[in-house]
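Heads up: the sequence shown runs through residues 54 to 267, numbered per my numbering.
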Amino acid sequence: SVLLVIAHPDDECMFFAPTILGLKGAQVSVLCLSNGNKDGLGSRRQKELVESCRVLGVHSSSVTCLNLPELQDGSERWWKAPVISDVLMSHLKNRKVDVIVTFDIGGVSGHPNHRATYEGIRYFKNLPASTQPNPPKCFALKTVPTLRKYTSIGDILITLFLYRLRGMQASGAVFMATPIQVLKARSAMKKHQSQMVWFRRLYVVFSRYMVVNE
Numbered sequence: 054s055v056l057l058v059i060a061h062p063d064d065e066c067m068f069f070a071p072t073i074l075g076l077k078g079a080q081v082s083v084l085c086l087s088n089g090n091k092d093g094l095g096s097r098r099q100k101e102l103v104e105s106c107r108v109l110g111v112h113s114s115s116v117t118c119l120n121l122p123e124l125q126d127g128s129e130r131w132w133k134a135p136v137i138s139d140v141l142m143s144h145l146k147n148r149k150v151d152v153i154v155t156f157d158i159g160g161v162s163g164h165p166n167h168r169a170t171y172e173g174i175r176y177f178k179n180l181p182a183s184t185q186p187n188p189p190k191c192f193a194l195k196t197v198p199t200l201r202k203y204t205s206i207g208d209i210l211i212t213l214f215l216y217r218l219r220g221m222q223a224s225g226a227v228f229m230a231t232p233i234q235v236l237k238a239r240s241a242m243k244k245h246q247s248q249m250v251w252f253r254r255l256y257v258v259f260s261r262y263m264v265v266n267e
């Protein structure tokens, strides 16, 4: 089973849709560390998250969205790693999770909440073995330079070329969405109507993260 740990509602489709759609046969669940209440839309965004996940094939019972005082949405807020670690430990209790997928240190967009999510999971991974006898394997979504970020389907060729040049890393994974999966990812994003301002509409069209995850 795979647990996707994200910072805000809409992260699941803006950044991780190729991974979710590519994990056919796996049991995928989502843990969202905040409900995105920066503009007072937390309740609405939480519902949008559930609907988006449904489009991506994740059942509502497998979606958890938190609203904790220590983990509030905001580009000026840096979430504390021990808090995230404790939340994750509590979530994993009585749940079987083999793999965790989340952001890397760059957070794809550089958002502090994304980057703090990575740091929290890294903190969790570094806890003594006695606190987690069989810890899940962790994978982080690679942040690419801004210019490459907006190459859309063109990044498939760039990704294939780079991996052929340096060889696929044994510890890594690459998910490339099919045309049908790309349309499904866009449909999932449309469920986040509260967030569909003009620049996000452009993002959906041009972002490589709607097509490629590595």
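Idealized CB from N, CA, C, for every residue including glycine.
Being a predicted model, the structure only gives us computed values, none of them experimental.
Legend entry - Where K237 falls, given that 16 or more other Cβ within 10 Å makes a residue buried: Taking the sequence shown and counting its residues from 1, one reaches residue 237 at position 184. The C-beta of K237 has 16 or more other C-beta atoms within 10 Å across all chains shown, which makes the residue buried.
Legend entry - Separation of T204 from P122, as counted between CA atoms: Against the sequence shown, residue 122 aligns to sequence position 69. Against the sequence shown, residue 204 aligns to sequence position 151. So the alpha carbons of these two residues sit roughly 37 Å apart.
Legend entry - Given V58 as reference, the closest of C85, V265 and L74 once Cα atoms are compared: As a working note, residue 58 is residue 5 in the sequence shown. The shortest C-alpha separation from V58 is found at C85.
Legend entry - alpha helix (DSSP H) segment containing L236, residue limits: For this step, residue 236 is matched to residue 183 along the sequence shown. Annotation for L236: the continuous alpha helix (DSSP H) segment containing it runs P232 to K243.
Inset, instruction - Compare the Cα-Cα distances from P189 to each of V227, F177, T196 and P198 and report the closest residue. - result: Reading the sequence shown from its first residue, position 136 is the one you call residue 189. Closest by alpha carbon: F177.
Inset, instruction - Could you have a look at L194 and say whether DSSP puts it in helix, strand or coil? - result: One-based indexing of the sequence shown puts residue 194 at position 141. Of the three classes helix, strand and coil, the one that applies to L194 here is strand, per DSSP.
Legend entry - M263 in three-state terms, based on DSSP: The sequence position of residue 263 within the sequence shown is 210, counting from 1. In the structure shown, M263 sits in a helix (DSSP, three-state: H, G or I).
Legend entry - Selection from M67, A60, G89 and S143 that minimises the alpha carbon distance to L255: Reading the sequence shown from its first residue, position 202 is the one you call residue 255. Comparing alpha carbon positions, the residue from M67, A60, G89 and S143 closest to L255 is M67.
Inset, instruction - Would you please state the rounded distance, in angstroms, between the beta carbons of V264 and V235? I believe it to be under 8 Å. - result: The count along the sequence shown starts at 1 and reaches residue 264 at position 211. The count along the sequence shown starts at 1 and reaches residue 235 at position 182. The pair is a contact, with the Cβ atoms about 6 Å apart (cut-off 8 Å).
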